[in-house]
Each structure stands twice: as C-alpha cells, then as structure tokens.
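> Quick one: the structure is below, questions incoming.
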Amino acid sequence: MDVVYLNGRYVPKSEAAVPVEDRGFLLGDGVYEVVPFYEGVPLFMERHLDRLRFSLSEVRIDFDADDVADVARQLVARNGLDQADRSIVYVQVTRGVAPRTHYFPEKPVPPTVFGYAKAWTRPADDAWGRGFAAITVPDRRWLRVDIKTINLLPNALAFQAAKDAGVDDAILVREGVAIEGAHQNFWAVIDGVAVTHPTTNLILAGITRGVVLEIARAEGIPVEERAIQVEELARAEELFFTGATGEVRPCVRVDGRAIGDGRVGPVTRALSRAFLALVERTKEAAAVAR
Ligand code: PDD
Numbered sequence: 003m004d005v006v007y008l009n010g011r012y013v014p015k016s017e018a019a020v021p022v023e024d025r026g027f028l029l030g031d032g033v034y035e036v037v038p039f040y041e042g043v044p045l046f047m048e049r050h051l052d053r054l055r056f057s058l059s060e061v062r063i064d065f066d067a068d069d070v071a072d073v074a075r076q077l078v079a080r081n082g083l084d085q086a087d088r089s090i091v092y093v094q095v096t097r098g099v100a101p102r103t104h105y106f107p108e109k110p111v112p113p114t115v116f117g118y119a120k121a122w123t124r125p126a127d128d129a130w131g132r133g134f135a136a137i138t139v140p141d142r143r144w145l146r147v148d149i150k151t152i153n154l155l156p157n158a159l160a161f162q163a164a165k166d167a168g169v170d171d172a173i174l175v176r177e178g179v180a181i182e183g184a185h186q187n188f189w190a191v192i193d194g195v196a197v198t199h200p201t202t203n204l205i206l207a208g209i210t211r212g213v214v215l216e217i218a219r220a221e222g223i224p225v226e227e228r229a230i231q232v233e234e235l236a237r238a239e240e241l242f243f244t245g246a247t248g249e250v251r252p253c254v255r256v257d258g259r260a261i262g263d264g265r266v267g268p269v270t271r272a273l274s275r276a277f278l279a280l281v282e283r284t285k286e287a288a289a290v291a292r
C-alpha cells in the first residue's frame, strides 16, 4: 500500500486528506520539488533542497526545508523503493488552510506539507535509443517560472497539446525563443555546441540541467547558455531535454520534421552516458558511506 507523508505523519494514501480550504487547492498557493532516487540513493539532494528554499522564500511561505531530506528518504524506504532502479519523491508545501482571500492569512497558519514516492522506469523498448518527437507550443506561463510553483496549468495544456498531436514532448516558445519543455529543460546542439537557455526568470533552473552543464564541461563538449531561436531548430544537429524524470532525453523530431538524420546524435549519447555514469558513481559513494 502506498505510504504518503502529510504534515508530520506517514499514512496510507487512502487515509491522507487535505481540507477544502487549503490554499494550494483553492489558489495554487504553493511550491514543490521532485527529487530523483536511484536504488534508494538521492541524486543531488542538497541542490533540490536549496531550490525548494529559494521557491519558498520567493513566495514567502515560512517553512524550514531541512527535514525534507529525511522525509524523502523515509518515503522511499517505507514504500519499498530502496532497490528500485529509479524512483522519485514529490514534496509539495502550500501556504496552509485558511478562508479564501487573495491576500495571505492575517493570522499565519501552518503550511501544508505533502509528499509521496513512486517508481519510474525507462520503457524496455529502447525509446531513449530511438529518440522522442515534440511539437512547439506557445509558452503561456507567468514571468516567474524560476519559482517551482504548483501552478502548472499552462504546462499541462502544453503537454496535452503534444499528446493530442500524437507526440511525446512540448517545446515552449516565447517571443520566438525555444525556452524549455513542459517539465524539462531544452537543449540544442548547433555547430557542435550544446546550447541551453540561461537561468533567468523564464526557465526553471533544472538540477539536471546544471549537472549536465558540468558533465559537458568535464567531457570537453563545448556549451553555451543563450536563447535558442525557433528558426535555429531546423538546422540543429541534435536536440534533447533534461530533467529528473527524463535524464538526458533525446528529441529527434519537431513539428513533424526530422532533426539531423533523425537519429540520436553523438553529443546526446555522450552526455546521456556520462550522466548515467555519474549516477553509478553516486550510488557507489553512498554504498561506501554506509
Ligand atoms: N519538472 N523545467 C520545468 C518546467 C520543470 O517542471 C522541470 C522539472 C525541469 C527540470 O528540472 P530538474 O532537472 O530539476 O528535474 C525544467 C519536474 C520533474 C516535474 O514537474 O515533475
């Protein structure tokens, strides 16, 4: 049975309930974080905690994120995911329960803290080896998507548009720039350089993105953080996404057109391999520390 975390307690999912006046439910007034685990070992927990602290502070929710690392580990263990190849922990913090007003509750209320863990797998059919297809979709989000808020309606609409079009991913486009995916960062390999949008208010500063930048530099792959114009996609040699639930995820078709020769390219493969090697090293280091 799934065990979830709610406000200090671990309970069966079927018993977890949040009052209807929770501001997350009524107003989308909350933030979240997704931490990947590999065989029970978290990847870059501290970076995820720092991003959660940033999100909380930007929306002025008073919550100490220090305990989240332990909650995440407990969720993985209590759900029997210690041996799972891949799992994720989702943690959401809302401003709490109070009668609906557009301003914050005048008497502060405790935040609502909810978390769950679940396994994820790469499909056995080598989808990552073949690559995925995407469409471009207008980016209709607000101008502070660097904060990881639970307001994901524009992301959901974009992803649904991709699904309706029979493809796997959406590339969000704002003012002619390919910004990021609906739930992943976006990269293009142009003239041998791996390019991704700089960390401004217009993207979520993905932890995977940051790690892949470091990996690329270590592997001697040239990188550049700059805006990618949509017109550049047609001449890009390779495209890929990065994220906790996609790792390095190749994209070989956009809006019905093949990218390069329509196959996963060498830069994407090198970065994917190096990312998975880093996962292995992280697991080994955790085993030694135990
Ligand atoms: N999504 N951009 C957006 C809009 C995202 O929602 C995410 C993460 C990323 C990648 O960030 P990271 O590398 O830290 O996972 C980029 C999470 C996984 C989600 O919403 O499920």
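As numbered in the numbering used here, residues 3 to 292 make up the sequence shown, in order. Cβ coordinates follow ideal geometry from the N, Cα and C atoms, glycine included.
With a 10 Å radius around its C-beta and 16 neighbouring C-beta atoms as the bar for buried, classify D263 as buried or exposed.
exposed
> Going by the C-beta, is G26 closer than 6 Å to any heavy atom of ligand 1?
no
> Just to confirm my understanding: we take S161, look at its own chain, exclude 5 residues before and 5 after, and list those with CB closer than 6 Å. What are they?
Sequence inspection shows Phe at residue 161; the Ser mentioned does not correspond to that position. Counting only Cβ-Cβ distances below 6 Å, and skipping sequence neighbours, we find A172 and A184.
> With respect to the alpha helix (DSSP H) encompassing T210, which residues constitute its N-terminal and C-terminal limits?
I209 to E221
> Go ahead and pull the three-state DSSP assignment for T244.
strand
> Note down the Cα distance separating T379 from E23, rounded to an integer number of angstroms.
Nothing can be reported for residue 379, as the shown portion of the chain is limited to 3 through 292.
> Around the C-beta of Q94, are 16 or more other C-beta atoms found within 10 angstroms, so that it is buried, or is it exposed?
Counting Cβ neighbours within 10 Å, Q94 comes out buried, since at least 16 surround it.
> DSSP has Y105 in a bridge; who is on the other side?
According to DSSP, which records beta bridges pairwise, Y105 is partnered with nothing at all.
> Kindly identify the DSSP beta-bridge partner or partners of N81.
None, per the DSSP bridge assignment.
> In terms of residue numbering, what span does the alpha helix (DSSP H) encompassing S59 cover?
M47 to V61
> Applying the criterion that 16 or more other CB atoms from any shown protein chain within 10 Å of the CB defines a buried residue, is T144 buried or exposed?
Looking at the sequence itself, residue 144 is Trp, so the reference to Thr does not match. Exposed.
> So does H185 have its beta carbon nearer than 6 Å to some heavy atom of ligand 1?
yes
> For T138 and A79, I'd like the C-alpha separation in whole angstroms.
Rounded to whole angstroms, T138 to A79 spans 39 Å at the Cα level.
> Confirm, please, whether the CB-CB distance from I205 to I230 is below 7 Å.
Not a contact, by the Cβ cut-off of 7 Å.
> Count the other CB atoms within 10 Å of the CB of T35; is the residue buried (16 or more) or exposed (fewer)?
Rather than Thr, the amino acid found at residue 35 in this sequence is Glu. It counts as buried.
> Out of R259, A246 and D257, which has the shortest C-alpha to C-alpha gap to L278?
Residue A246 holds the alpha-carbon nearest to the alpha-carbon of L278 among R259, A246 and D257.
> Are there 16 or more other CB atoms within 10 angstroms of the CB of D141, so buried, or fewer, so exposed?
Under this definition D141 is a buried residue.
> With burial defined as no fewer than 16 other Cβ atoms inside 10 Å of the residue's Cβ, what is the status of V290: buried or exposed?
exposed
> Taking the beta carbon of Y7 as the centre, do at least 16 other beta carbons fall within 10 Å, making it buried, or is it exposed?
With 16 or more other Cβ atoms within 10 Å, it is buried.
> Is the shortest distance between the beta-carbon of G248 and the beta-carbons of chain B less than 7 Å?
Of the chains in the structure shown, none is chain B; there is only one protein chain.
> Looking at C-alpha atoms only, which residue of I223, A190 and V214 is the closest neighbour of A238?
A190
> CB of V139 to nearest heavy atom of ligand 1: below 6 Å?
no
> A136 bridges to which residues according to DSSP?
D171 and V256
> Applying the 10 Å Cβ sphere with the 16-neighbour rule, what's the burial state of R211?
buried
> Please indicate yes or no: does the CB of E182 lie closer than 6 Å to some heavy atom of ligand 1?
yes
> With a threshold of 6 Å, establish whether the CB of M289 neighbours any heavy atom of ligand 1.
A small correction: the amino acid at residue 289 is Ala; Met does not occupy that position in the sequence shown. No, Cβ of A289 sits at least 6 Å from all heavy atoms of ligand 1.
> Looking at ligand 1, does it come within less than 6 Å of I209, judged from the CB to the closest heavy atom?
yes
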